[in-house]
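Chemist: Residue numbers (the working numbering), protein chains in the order written: chain R, 14 to 311; chain E, 990 to 1281; chain C, 629 to 887.
Glycine included, every Cβ here is placed at the ideal spot set by N, Cα and C.
Here the structure is a predicted model, which is why all the values come from computation and not from measurement.
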Amino acid sequence: MYQYLSGILTIIAINVTAVCGLTVLTGFTGLFSMGHAGFMSLGAYASVIAMLYWHFPFIPAMIFGGLAAALVGLIVGYPTMKGKMRGDTFAIAMLGFSETVRLGLSNIYPYINGALGISDIPRYSEAWVVTLIAAFCVYITYRYTRSKHGRIALSIRDEETAAELIGVNITWEKIKSFMISAFFCGMAGCMYACYYTFITPNTFSTTTSNNLLAAVVFGGMGSVTGPTIAAAILAMLPEMLRFVQKWRLVLYGAVMILVMLFRPEGLMGGREFSIKGIARWFRKIFSKLNRRAGEVSK
Amino acid sequence: MTVFIQQIITGLSIGSIYALLAVGYALIYSIFNFSNFAFGVIMMVGTFGAVYAINWAGAPLPIAILAGMLVAAAISLVVEVSTYRPMRRKNAPRLYLMIAGIGINMFIENLAIQTLGSSVKPFPSDWGREILNVGGVSIAFADLLSGGLSLVMLACLWLFIYRTKTGLGIRASSYDVNTTGLMGVNVDMVSLVVFAISGLTAGLSGVFYGMKYTVYPSMGIVSNKAFVAAVIGGLGSLPGAVLGGILLGLLETMVSAYVSSLLRDMIAYLVMIVILVFIPNGIMGKSVKEKL
Amino acid sequence: MSLLEVKNLTIQFGGLKAISDVDLEINPGEMIGLIGPNGAGKTTLFNAITGVVDIAQGSITFDGKNLSKYKPNQIAHLGISRTFQNIRLFSKMTAEENVSIGISSVADYDIISAFLGLPNARKKDRETREKAREYLAQVNLLEYKDAIAGSLPYGIQRKLEIARAIATRPKLLLLDEPAAGMNNEETMELIEFIRNIHRHNETNMAIILIEHHLEVVMNLCSDITVLNLGSVLTRGNPEEVQNNPAVIKAYIGERRSRA
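(1) Please list the partners that Phe-45(R) has in chain E, where partner means a Cβ-to-Cβ separation under 7 Å.
(2) Run through the DSSP bridge pairs and tell me what Arg-710(C) is partnered with.
(3) Who are the near neighbours of Asn-28(R) in its chain, counting only those whose CB is closer than 6 Å to its CB and skipping five residues on each side?
(4) In chain order, what residues of the segment 1198-1216 of chain E put their CB closer than 9 Å to some CB of chain R?
(5) In three-state terms, what does DSSP make of Thr-853(C)?
(6) Pro-277(R) touches chain E at which residues, Cβ-Cβ below 7 Å?
(7) Answer with yes or no whether the minimum CB distance from Gly-707(C) to chain R is below 7 Å.
(8) Please tell me whether Ala-1056(E) and Ala-1039(E) are closer than 7 Å, where the distance is taken between their beta carbons.
(9) Starting from Asp-649(C) and walking both ways along the beta strand (DSSP E), at which residues does that stretch end?
(10) Taking CB distances under 7 Å as the criterion, tell me whether Leu-262(R) reaches chain E.
(11) Nearest by alpha-carbon distance to Val-680(C): which of Glu-813(C), Asn-714(C), Leu-695(C), Phe-690(C) is it?
(12) Assign Leu-22(R) to buried or exposed, taking buried as 16 or more other Cβ atoms, counted over all protein chains shown, within 10 Å of its Cβ.
(13) Measuring alpha carbon to alpha carbon, tell me which of Pro-214(R), Gly-48(R), Gly-117(R) ends up nearest Gly-86(R).
(14) Mind reading off the beta-carbon distance from Ser-119(R) to Gly-127(R)? Whole number of angstroms is fine, and I expect it under 8 Å.
(15) For Ser-194(R), count neighbouring Cβ atoms within 10 angstroms of its own Cβ and tell me buried if that reaches 16, exposed if not.
(16) For Glu-789(C) and Thr-672(C), what's the separation of their Cα atoms in angstroms?
(17) Nearest chain E C-beta to Asp-101(R) closer than 7 Å, yes or no?
(18) Which of the three DSSP states, helix, strand or coil, is assigned to Gly-745(C)?
(19) Return the first residue and the last residue of the beta strand (DSSP E) that Lys-635(C) is part of.
(20) Is the beta carbon of Leu-262(R) sitting closer than 7 Å to the one on Leu-35(R)?
(21) Measuring straight from C-alpha to C-alpha, what distance separates Thr-711(C) and Ala-704(C)?
(22) Run through DSSP, which three-state label would Arg-863(C) get?
(23) For Lys-720(C), which of Ser-236(R), Gln-258(R), Ile-288(R), Tyr-265(R) has the nearest alpha-carbon?
(24) Check whether the Cβ of Ser-696(C) lies closer than 7 Å to any Cβ atom in chain R.
(25) Tell whether a beta-carbon distance below 7 Å holds between Val-32(R) and Pro-214(R).
(26) If contact means a Cβ-Cβ distance below 9 Å, which residues of the segment 188-220 of chain R contact chain C?
(27) Can you tell me which residues form a DSSP beta bridge with Ile-72(R)?
(28) Pick helix, strand or coil for Lys-1110(E), following the three-state DSSP scheme.
(29) Anyone know if the C-beta pair for Phe-690(C) and Leu-632(C) falls short of 7 Å?
(30) With 7 Å set as the bound, which would you pick, yes or no: does the beta-carbon of Arg-284(R) sit closer than that to a beta-carbon of chain C?
(31) Determine whether the Cβ of Arg-156(R) lies closer than 7 Å to any Cβ atom of chain C.
(32) Below 8 Å CB to CB, which residues in the same chain sit around Thr-1203(E) once its five sequence neighbours on both sides are set aside?
(33) Kindly indicate which three-state DSSP category Gly-130(R) falls into: helix, strand or coil?
(34) I need the boundaries of the alpha helix (DSSP H) containing Ile-729(C), first residue and last residue.
(35) Are there 16 or more other CB atoms within 10 angstroms of the CB of Lys-697(C), so buried, or fewer, so exposed?
(36) Count the other C-beta atoms from every protein chain shown that fall within 10 angstroms of the C-beta of Met-204(R), then say buried if there are 16 or more, exposed otherwise.
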């Protein structure tokens, strides 16, 4: 039982960490990526190499993985953002990027065994450690989005042209968000590798990218706590319900459509989860009930 | 030399499938300015339509192809009417339409996996696998048919868009959907026609792809190639989509033949990224400046 | 020396000349009007000044610098700010946040401080917030500081957009049809509002005003330039412009072609 719970907790933590990154990019900068699994993969491989060949301990290896992913983010991000690529073209380019990473890793044999992948990775991802890391990531992401940097990113999402004409260097701000998202995904990749103890190039697939995106969308763009909660729920459900395991992706797809149709602002609608917010919500419901009761008594 | 010609022909035949797919995708993009990421499953459902037309109804191949196209068109219309149209009415940002498209893709693809099984099936007609030998160059019937029919389809599409009144409405809409609506073009009608055509092309190319390779619920992933082709050619440009598709087909065949088939897809994606870095609007795309 | 000098400016879209051979000059602290029928190239001129469209021929010099070498965001930092025909506020952000992006469009502390919420970051944020409130108070919008910009009434949004533009402390402010879609009362209020910000600012700000409501321009500007079909038709004071037969013809001609 303990093992079962700690397993679920670990998976939630990994998912939440990666989603933190995508929140900054999609939820706050308005760039929509279909390929962040590529960064998870790169982070996982980089940190595993650091651990196995250079004997890095867990945390430094994880940060190394994040930095490696962020560096690739810079290399990919600079030309794409500079060319003002956005919207659909960017999403498709990112799809191409993650496929390139996947197929590229499958064809490199020294150190990483090509398509066979790497096994016997030390199992460093203890539930409590990764949970702490994930919690820390959520906190710093929240702080970041509330900072000047985050507000500038948000201004690009809301009205890119106006932001540029008011002095925002949109190329650089986008690259920044992109690198941050790559960094978090890279760390999550390392945590993943150190939980399952083996990785292959196919470990992180388009489905992974879609799941990350789903969490950001369900949670609400422009919110940090919303996607965090959504990521936790999405990671938890298939582990807890066998039925859902099988139909999980069907369900995700359906919910994604329904959310976009009826509540495109997501769970939190750009707001943050807080005790005050809950109190406000309850008050609203009570006042509605009161009003209705008043109408009935009339 | 014959080997090289053989490769060119193979490249052209797969390229024409990509071109057809890319056109179906680019058509919607050029008018409504968003990516229909549900395109892959539309193609997949169409292909299965053709497969079941043969397996259950014993339809001959031409009827099955037609059935596949119609099924794809039908599902394309369902997607438009049930999801995209209500969202456009609410002036939803493009991002939301794209996410909804991904949702549709996930939903239908995984529904198909759960109900039909994820296994790979051969297309139930051997006709396509028969080989024609011309001066040492062997050409599969499927290649001939797909190349030929794709060209016919593209020609029909061209005639329809450039030579008919409905086509004029479509072209006008591609400049400015809102204004065209005000000018008395029935935008809802245009959208139905456009999504139906897009579905027809998806169905046709799906059937050819199935005949050439295999049929499976996640075959919609091939539509990624259509996105790549359309992006290479220039998003929103129909001639660009055709060009991009054919170039992509040739490139892939050449890479598999002379470099390594393992690197085929990777090089396709890499070429796309490189092209985008140097020509961000693709080969025939126009630079779209936002109106201030 | 003049603040902005537009010389022989020509702008092409494909083969079409949107603007041909236009000259324009404005001195620090001046307010000039730019009028003309639809499609005369007024907004295109603004787009050229702010670096959004490419210049085919001619030059734009601002404060002694040739603007063609600068990117739009750099031009903003040189001291040119603008509003838009269709309001372009950061609609999901509060009024205060809108203005604070104007105050500092580049983060003034590093990423690590932002992530960890270090004291220096919090202090800088507090300062920006206070300044933003000052600006809002200046334009009498303080009561809306926590309102989401997109949900504000139309007239307030217009004012907020202007407030955001002047928060960058520009030397030149370009207003693109600020009174569009307003009724008479709102328009009169807006005229006072613009006059007010023109009189009370720290940078001796110059203003170029595009407006369809002639009474707004006549009321505010002593110097008016009339554009028609991409070139300057005439310029002069309100009276001269109003009585110029060519101007009347351009406007009436437009009206006839519309009907």
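Modeler: Taking the coordinates as given:
(1) In the first sequence, counting from the first residue as 1, residue 45(R) sits at position 32. Neighbours of Phe-45(R) on chain E, chain order: Leu-1084, Met-1087.
(2) Walking along the third sequence from the start, residue 710(C) turns up at place 82. Leu-802(C).
(3) Counting from one through the first sequence, the residue named residue 28(R) turns up at place 15. Counting only Cβ-Cβ distances below 6 Å, and skipping sequence neighbours, we find Ala-244, Ala-248.
(4) Ile-1210, Asn-1213, Phe-1216
(5) For the purposes of this step, residue 853(C) is taken as the residue at position 225 of the third sequence. Note: Thr-853(C) maps to strand in three-state DSSP.
(6) The sequence position of residue 277(R) within the first sequence is 264, counting from 1. Here the neighbours are Ala-1081, Tyr-1085.
(7) Numbered from its first residue, the third sequence carries residue 707(C) at position 79. Not closer than 7 Å to any Cβ of chain R, the Cβ of Gly-707(C) fails to qualify, so no.
(8) For the purposes of this step, residue 1056(E) is identified with residue 67 of the second sequence, where counting begins at 1. For the purposes of this step, residue 1039(E) is identified with residue 50 of the second sequence, where counting begins at 1. Yes, these two residues count as a Cβ contact at 7 Å.
(9) Walking along the third sequence from the start, residue 649(C) turns up at place 21. Here the beta strand (DSSP E) through Asp-649(C) covers 644-654.
(10) Locating residue 262(R) in the first sequence gives position 249, counting from the first residue. Answer yes: the Cβ-Cβ gap between Leu-262(R) and chain E drops below 7 Å somewhere.
(11) As a working note, residue 680(C) is residue 52 in the third sequence. Measuring from the Cα of Val-680(C), the nearest candidate turns out to be Leu-695(C).
(12) For the purposes of this step, residue 22(R) is identified with residue 9 of the first sequence, where counting begins at 1. Per the 10 Å Cβ criterion, buried.
(13) Position 73 of the first sequence, counting from 1, holds the residue named residue 86(R). Residue Gly-48(R) is the option with its Cα nearest to Gly-86(R).
(14) Here residue 119(R) refers to the residue found at position 106 of the first sequence. Here residue 127(R) refers to the residue found at position 114 of the first sequence. That belief holds up - the Cβ atoms of Ser-119(R) and Gly-127(R) are roughly 5 Å apart, short of 8 Å.
(15) Taking the first residue of the first sequence as position 1, residue 194(R) is located at position 181. Counting Cβ neighbours within 10 Å, Ser-194(R) comes out buried, since at least 16 surround it.
(16) Locating residue 789(C) in the third sequence gives position 161, counting from the first residue. Locating residue 672(C) in the third sequence gives position 44, counting from the first residue. Glu-789(C) and Thr-672(C): Cα-Cα distance of roughly 19 Å.
(17) One-based indexing of the first sequence puts residue 101(R) at position 88. Interface residue, yes.
(18) Along the third sequence, read from residue 1 onward, the residue named residue 745(C) stands at position 117. Looking at Gly-745(C) - three-state DSSP - the assignment turns out to be coil, as it is neither helix nor strand.
(19) Here the question's residue 635(C) lines up with position 7 in the third sequence. Start and end: 632-641.
(20) As a working mapping, residue 262(R) is identified with position 249 in the first sequence. As a working mapping, residue 35(R) is identified with position 22 in the first sequence. In this structure, Leu-35(R) does not lie closer than 7 Å to Leu-262(R) by Cβ.
(21) Along the third sequence, one-based indexing puts residue 711(C) at 83. Along the third sequence, one-based indexing puts residue 704(C) at 76. Cα to Cα, Thr-711(C) sits roughly 12 Å from Ala-704(C).
(22) Counted from its first residue, the third sequence places residue 863(C) at position 235. If DSSP states are grouped into helix, strand and coil, Arg-863(C) belongs with the strands.
(23) What you label residue 720(C) is simply residue 92 of the third sequence in a count that begins at 1. Out of Ser-236(R), Gln-258(R), Ile-288(R), Tyr-265(R), Ser-236(R) has the C-alpha closest to the C-alpha of Lys-720(C).
(24) Taking the third sequence and counting its residues from 1, the one referred to as residue 696(C) is at position 68. So, not an interface residue.
(25) For the purposes of this step, residue 32(R) is identified with residue 19 of the first sequence, where counting begins at 1. For the purposes of this step, residue 214(R) is identified with residue 201 of the first sequence, where counting begins at 1. Against a cut-off of 7 Å, the Cβ pair of Pro-214(R) and Val-32(R) comes out as no contact.
(26) Lys-189, Ile-193
(27) Here the question's residue 72(R) lines up with position 59 in the first sequence. Bridge partners of Ile-72(R): none, in fact.
(28) Here residue 1110(E) is taken as the residue at index 121 of the second sequence, counted from 1. Three-state DSSP puts Lys-1110(E) in a strand.
(29) Reading the third sequence from its first residue, position 62 is the one you call residue 690(C). Reading the third sequence from its first residue, position 4 is the one you call residue 632(C). Yes, the Cβ-Cβ distance between Phe-690(C) and Leu-632(C) is below 7 Å.
(30) What you label residue 284(R) is simply residue 271 of the first sequence in a count that begins at 1. By this cut-off, Arg-284(R) is not an interface position.
(31) Your numbering for residue 156(R) matches position 143 in the first sequence. Output row for Arg-156(R): interface = yes.
(32) Taking the first residue of the second sequence as 1, we reach residue 1203(E) at position 214. The answer, listed in chain order, is Val-1109, Lys-1110, Pro-1111, Phe-1112.
(33) Taking the first residue of the first sequence as 1, we reach residue 130(R) at position 117. Residue state, collapsed to three classes: coil.
(34) Walking along the third sequence from the start, residue 729(C) turns up at place 101. 723-731 is the extent of the alpha helix (DSSP H) around Ile-729(C).
(35) For the purposes of this step, residue 697(C) is taken as residue 69 along the third sequence, with counting starting at 1. When all chains shown are included, Lys-697(C) counts as exposed.
(36) Looking up residue 204(R) in the first sequence gives position 191. So Met-204(R) counts as buried.
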